[in-house]
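Take 606 as the starting number for the sequence shown in this note's numbering and just add one per residue. Ideal Cβ positions, reconstructed from N, Cα and C, are used throughout, including at glycine. Scroll down for the structure; my scribbles are underneath it.
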Amino acid sequence: MTDRLEELETFLSIIDGGGFAQAARRLGRSGPSVTRAMQALEARMGARLLERTTRRVSPTEAGQRLAAEAREVLAHYRAALTGREDRPEGVLRVTAPVIFGGRHVAPLLAGFLDRHPGIRAELTLSDRNLDMIEEAQDVALRIGPIAQASLEIRRVGEVRRVLVASPAYLARYGTPLTPAELGRHALIFTASRPMAREWRFRHKGRDVVHRFTPRLAVTHIEAALAVAAAGQGIATALSYQVLNDIAAGRFARLLPEYEPPAMPVQLVRPAGPHPPRRVALFLEEAEAELKALPLIR
């Protein structure tokens, strides 16, 4: 029985990941073992279940029917196992952007571990979007659009890129009213990797790009905001990073009518069969807590 369930799980992992190699990485198995499992399943079904092209593997009509039934079978099986678990256990691996992760995901994770003492966790803070399969991550917090079709996505909020300066700076140098007026101001540019020195805006449905030579270029947003708070220039930040400072009067928000569209804040996990209980519990609790977070509502 277990071998048959593993064959179904392998089949679904190939479909959801788009190929045999992706399924092998996701399942922690060798490529040949995945191939053998599929050959055995197709022989047992007496039908070809997968169409193979040079770029992707997709289910045949028979494969689509089996996939729907397999998901239901595996869901019932895991639900039965979950019902027998009094206490979820294992290691939960979560990744998030450095600042958002440190400010909001780490406290959330601490509360989760307190409620579930059988679970251990690893939190990876990185502003690079890690490959969740390659890096063996269970859950990621992502800011911005997601192009990967192999991820299950839960939207929990949104943020904007905003322009800020201290009241002292604006009193001394004036307040810009359009992006064109930024040319006479001291601008603080933040980038963790080489990229074009430009800020993008949107006004009345049209994109506006301001290219410039910064007064200061830094690799981390907290350093940029510290310099801006000291009255040394104008900086950009994600709204959650500065809304409390704006509310307290430490920063003024500039050119709000030129701000680009909001970016989604999302919890994601690799798509596929029903996740382990620790992952499902964390997603459920994290989604509820993050949706209640005023900074991303």
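- Note: P664 is bridge-paired with L655 in the DSSP secondary-structure output.
- Taking a 10 Å sphere around the C-beta of S635, we find fewer than 16 other C-beta atoms and assign the residue as exposed.
- For A642, there is no enclosing beta strand (DSSP E); the residue is part of the alpha helix (DSSP H) that begins and ends at G636 to M650.
- Nearest to E890 by alpha-carbon distance, out of V710, R820 and F794, is V710.
- From the listed residues P878, A770, A791 and P881, the smallest Cα separation to L860 is found for A770.
- Burial check for A629: the Cβ neighbour count within 10 Å reaches 16 or more, so the residue is buried.
- For A842, the uninterrupted beta strand (DSSP E) segment begins and ends at I839 to L843.
- The residues S771, D850, R855 and F856, in chain order, have a CB closer than 8 Å to that of A834 in the same chain once the five nearest residues on each side in sequence are set aside.
- Below 8 Å, enough C-beta pairs join the stretch 877-891 and the stretch 609-622 to call them touching: three or more.
- The DSSP-derived three-state label of F856 is coil.
- The beta carbons of R698 and L872 sit no closer together than 9 Å.
- For P875, the uninterrupted beta strand (DSSP E) segment begins and ends at M868 to P875.
- Closest in C-alpha terms to R641, from the list R609, Q669 and G623, comes R609.
- In this structure, the alpha-carbon of A673 lies about 50 Å from that of H815.
- For the stretch 707-776, the continuous beta strand (DSSP E) assignments of 3+ residues that do not extend past its boundaries occur at 724-730, 744-748, 756-764 and 766-770, in sequence order.
- Taking each of A648, L821, E894 and I751 in turn and checking the Cα distance to R802, the smallest one comes out for L821.
- In the three-state scheme derived from DSSP, where H, G and I count as helix and E and B as strand, E803 is classed as strand.
- Per DSSP, the continuous alpha helix (DSSP H) segment holding A833 begins and ends at I826 to A834.
- DSSP, reduced to helix, strand and coil, places T615 within a helical segment of the structure shown.
- M737 sits buried, since 16 or more C-beta atoms from the chains shown fall within 10 Å of its C-beta.
- At the C-beta level, L746 and E864 stay beyond 9 Å of one another.
- Counting the other CB atoms within 10 Å of its CB gives T783 a total below 16, which places it among the exposed residues.
- The stretch 821-832 and the stretch 780-798 touch, with three or more beta-carbon pairs separated by less than 8 Å.
- By the beta-carbon neighbour count (other beta carbons within 10 angstroms, threshold 16), D719 is exposed.
- Here G668 really is in contact with L654; their C-beta atoms are around 4 Å apart, less than 8 Å.
- For P750, the closest alpha carbon among the candidates A741, R765 and E739 is that of R765.
- L697: member of the beta strand (DSSP E) spanning G695 to A701, first to last residue.
- Counting along the chain, L782 sits inside no alpha helix (DSSP H), nor does DSSP assign it H or E at all.
- Take the alpha-carbon of L728 and the one of K896: they are about 20 Å apart.
- Residue pairing from DSSP places R816 in a beta bridge opposite E803.
- Within the same chain, Cβ atoms closer than 7 Å to the Cβ of L900 are found at Y845 and L848, the five residues on either side in sequence being excluded.
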